[in-house]
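*Asks:* Take the sequence shown: its position 71, counted from the start at 1, is 70 in numbering that gives the first Met the number 0, and no numbers get skipped.
Right, I'll just put the structure down here and ask away after.
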Amino acid sequence: MTAPHPVAGNVYDKYGTHNPVARRLMAGFDRGMRELLGVARDVSSVLEVGCGEGEVLEKITVWFPRARVRGTDLSPEIVAEARRRHPGLDFQVMSVYDAPGAGGPVDLVLASEVLEHVEDPARALRALRRSAARYVFASVPREPAWRMLNLARGKYVRDLGNTPGHLQHWSQGGFLRFLSTELEVLEVRSPLPWTQALCRPRP
0 MTAPHPVAGN
10 VYDKYGTHNP
20 VARRLMAGFD
30 RGMRELLGVA
40 RDVSSVLEVG
50 CGEGEVLEKI
60 TVWFPRARVR
70 GTDLSPEIVA
80 EARRRHPGLD
90 FQVMSVYDAP
100 GAGGPVDLVL
110 ASEVLEHVED
120 PARALRALRR
130 SAARYVFASV
140 PREPAWRMLN
150 LARGKYVRDL
160 GNTPGHLQHW
170 SQGGFLRFLS
180 TELEVLEVRS
190 PLPWTQALCR
200 PRP
């Protein structure tokens, strides 16, 4: 079963921006993700749900050069763009709720900036646990820091700093408690303004 309509997200090009503050923040995000994924061992297969334009999955091919990687996203338009940008990678149209799909469980599942967009995060988290044989990496914006930073730059003022498409809002503690309902949290990083966690699926 797929979601009834595409999930609206942040259209800001955070990877292509030349803004020095945004670039510094994204460097912190990448550093935290790389540190956490450095803990993962013997990863031979990777699935990224909500892969967007494929920028994170491209990094994964560098960090895990021997792994078989696949990216999925709900939007056919986004998947087409990911295929255009990264023609050597495997991208498929699929809802996070339907993961892992026909490929079956993989060693590492990534949900980077995904769970804040879904209407039923508990169902999505169960799908991540079902998809992962060994590890799950998950990251979300950390509230209220995310909204405060948006307001500080004059964005989304009428929505009190909430990025369009963000349906769920977690503090760091709240997000880790949420993850713990289905996963064992192994390590955490807190690059401003995100919470990142490397987890292991519970039996």
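Glycine included, every Cβ here is placed at the ideal spot set by N, Cα and C.
All of these numbers come straight from a predicted model, not from anything done at the bench.
1. If I'm right that Arg133 touches Asp106 with Cβ under 8 Å, what's the distance once you round it to whole angstroms?
2. Let me check one thing: in DSSP terms, what residues is Arg188 bridge-paired to?
3. If Arg128 and Arg82 are in contact, beta carbons under 8 Å, what's the gap, nearest whole angstrom?
4. Can you check whether the CB of Gln195 is closer than 8 Å to the CB of Leu32?
5. Relative to the C-alpha of Arg157, which candidate in Gln167, Leu191, Arg146 has its C-alpha closest?
6. Mapping DSSP to helix, strand and coil, what is Asn9?
7. Using a threshold of 8 Å, state whether the C-beta atoms of Val55 and Glu47 are closer than that.
8. With a threshold of 7 Å on Cβ separation, who are the neighbours of Asn161 within its own chain once the five nearest residues in sequence on each side are excluded?
9. Could you check the C-alpha separation between Phe63 and Leu88 for me, to the nearest Å?
10. Looking at the unbroken alpha helix (DSSP H) that takes in Gln91, where does it start and where does it end?
*Replies:* So, from the listed chains and residues:
1. 5 Å
2. Gln195
3. 28 Å between Cβ atoms; not a contact.
4. Residue 32 is actually Met in this sequence, not Leu. Yes.
5. Arg146
6. Annotation note: pLDDT 43 at Asn9 (below 50); position unreliable, no value reported.
7. yes
8. Arg146, Tyr155
9. 13 Å
10. No alpha helix (DSSP H) holds Gln91; the beta strand (DSSP E) holding it covers 89-92.
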